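A.B. asks: My questions all concern the structure below.
Numbering (this note's numbering), first residue to last: 56 to 311.
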């Protein structure tokens with residue numbers, strides 16, 4: 056029964072992804088202006104992520120939903136692609152990801168069509184230009200998402216945050232919004248180690264293996280919580296700001 060469920064979802068997945076890529080390509084052709092193109096991207100990604108969660112029977116609740124009148128640099132824990140799906144469905148946003156993700160066959164195309172902002176985690180020589188890119192995107196009025204652990208994790212803990220990219224908000228007036236994703240149930244059972252490889256994408260697990268694990272689930276219940284916003288006024292604030300954001304996330308996260 057499990058493998059029939061996985062096969063059925065893969066059959067749905069192929070035209071679903073094809074439709075997403077086609078919609079994104081069309082928006083690129085229709086939008087010559089970068090801001091207009093990004094606006095179309097975040098709207099498309101938000102709609103498709105919401106639909107994907109419904110197709111997978113993944114339900115989510117939101118605590119302390121932030122105002123739509125303000126945009127943010129969202130910063131939080133990262134377990135895999137489901138925290139991206141849920142946040143995008145809640146708040147249309149542009150996601151920061153790595154250059155090596157862009158270079159990954161298949162995933163690179165998906166992130167490119169989603170308007171992701173790329174940073175080189177393997178070599179920090181271009182950090183100044185990366186900060187400018189993020190800062191200008193925030194100033195243009197977009198929500199931007201940063202996962203400062205630098206990788207997705209296995210859910211046992213929140214890894215220490217890398218500080219540098221958080222300083223992109225300095226001088227923009229845009230607050231940092233800490234956010235936390237907690238998986239409460241899988242297949243109507245309390246979240247536990249039994250379902251770790253169905254939820255988290257970590258270590259040497261391939262994208263295909265992560266998809267198979269996710270597609271094997273009948274359902275999941277997710278809680279997404281936003282914390283109090285934190286302001287970073289200067290680049291020199293980064294250590295204190297990073298510590299405050301990390302403490303806010305850790306205080307709300309429940310390991311499994």
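Glycine residues also receive a C-beta, built at the ideal position from the N, C-alpha and C atoms. Bear in mind the structure is a predicted one, so any value in this text is a computation, not a measurement.
Distance check for residue 200 and residue 154, CA to CA, integer angstroms please.
C.D. replies: As a position in the chain shown, residue 154 is number 99, starting the count at 1. As a position in the chain shown, residue 200 is number 145, starting the count at 1. Their backbone Cα atoms lie some 16 Å apart in a straight line.
A.B. asks: Given a cut-off of 8 Å, decide if residue 127 and residue 152 are closer than it, judged by their beta-carbon atoms.
C.D. replies: Stepping through the chain shown from its first residue, residue 152 is reached at position 97. Stepping through the chain shown from its first residue, residue 127 is reached at position 72. Against a cut-off of 8 Å, the Cβ pair of residue 127 and residue 152 comes out as no contact.
A.B. asks: Where residue 233 and residue 175 are concerned, what is the direct C-alpha to C-alpha distance, given to the nearest angstrom?
C.D. replies: Taking the chain shown and counting its residues from 1, one reaches residue 233 at position 178. Taking the chain shown and counting its residues from 1, one reaches residue 175 at position 120. Using only the alpha carbons, I get a separation of about 23 Å.
A.B. asks: Hey, quick one: how far does the alpha helix (DSSP H) through residue 49 stretch, first residue to last?
C.D. replies: Within the shown structure, residues of the chain are numbered from 56 to 311, placing residue 49 beyond reach of any answer.
A.B. asks: Three or more C-beta pairs closer than 8 Å, one from the stretch 75-86 and one from the stretch 159-169: is that the case here?
C.D. replies: yes
A.B. asks: How would you call residue 295, buried or exposed, if buried means at least 16 neighbouring beta carbons within 10 angstroms?
C.D. replies: Locating residue 295 in the chain shown gives position 240, where the first residue counts as 1. Result: exposed.
A.B. asks: Does the stretch 203-210 come into contact with the stretch 102-116, if we say contact requires no fewer than three beta-carbon pairs (one atom in each stretch) closer than 8 Å?
C.D. replies: no
A.B. asks: Start and end of the beta strand (DSSP E) containing residue 200?
C.D. replies: Numbered from 1 along the chain shown, position 145 holds the residue referred to as residue 200. Here the beta strand (DSSP E) through residue 200 covers 199-201.
A.B. asks: List the DSSP bridge partners of residue 118.
C.D. replies: The residue labelled residue 118 in the question sits at position 63 within the chain shown. Residue 118 pairs with 280.
A.B. asks: Look at residue 86 and residue 92 and say whether their C-beta atoms are less than 8 Å apart.
C.D. replies: Reading the chain shown from its first residue, position 31 is the one you call residue 86. Reading the chain shown from its first residue, position 37 is the one you call residue 92. Yes. Within cutoff.
A.B. asks: Along the chain, where does the beta strand (DSSP E) that runs through residue 235 open and close?
C.D. replies: The residue you call residue 235 lines up with position 180 of the chain shown. Its beta strand (DSSP E) spans residues 231-241.
A.B. asks: Would the stretch 230-250 and the stretch 278-285 be scored as touching if the rule is three or more Cβ pairs under 8 Å?
C.D. replies: yes
A.B. asks: Who are the near neighbours of residue 150 in its chain, counting only those whose CB is closer than 6 Å to its CB and skipping five residues on each side?
C.D. replies: Looking up residue 150 in the chain shown gives position 95. Same-chain partners within the cutoff: 171 and 200.
A.B. asks: Give me the residue from 224, 135, 213 and 177 with the minimum Cα distance to residue 194.
C.D. replies: In the chain shown, the residue the question calls residue 194 occupies position 139. Comparing Cα-Cα distances from residue 194 to each of 224, 135, 213 and 177, the minimum goes to 224.
A.B. asks: Nearest by alpha-carbon distance to residue 138: which of 305, 204 and 237 is it?
C.D. replies: Working through the chain shown from its first residue, we reach residue 138 at position 83. Of the candidates 305, 204 and 237, the one whose C-alpha sits nearest the C-alpha of residue 138 is 237.
A.B. asks: What is the rounded straight-line gap between the Cα of residue 292 and the Cα of residue 218?
C.D. replies: The count along the chain shown starts at 1 and reaches residue 292 at position 237. The count along the chain shown starts at 1 and reaches residue 218 at position 163. Whole-angstrom Cα-Cα distance: 10 Å.
A.B. asks: Decide yes or no for the touch test of the stretch 248-266 against the stretch 185-193: beta carbon pairs closer than 8 Å, at least 3 of them.
C.D. replies: no
A.B. asks: Could you give the uninterrupted runs of the alpha helix (DSSP H) lying entirely in the stretch 130-179, keeping only those of 4 residues or more?
C.D. replies: 136-145, 154-157 and 162-168
A.B. asks: How many whole angstroms separate the CB atoms of residue 246 and residue 311, which I take to be in contact at a CB cut-off of 8 Å?
C.D. replies: The residue you call residue 246 lines up with position 191 of the chain shown. The residue you call residue 311 lines up with position 256 of the chain shown. With a Cβ gap of about 5 Å, residue 246 and residue 311 count as contacting.
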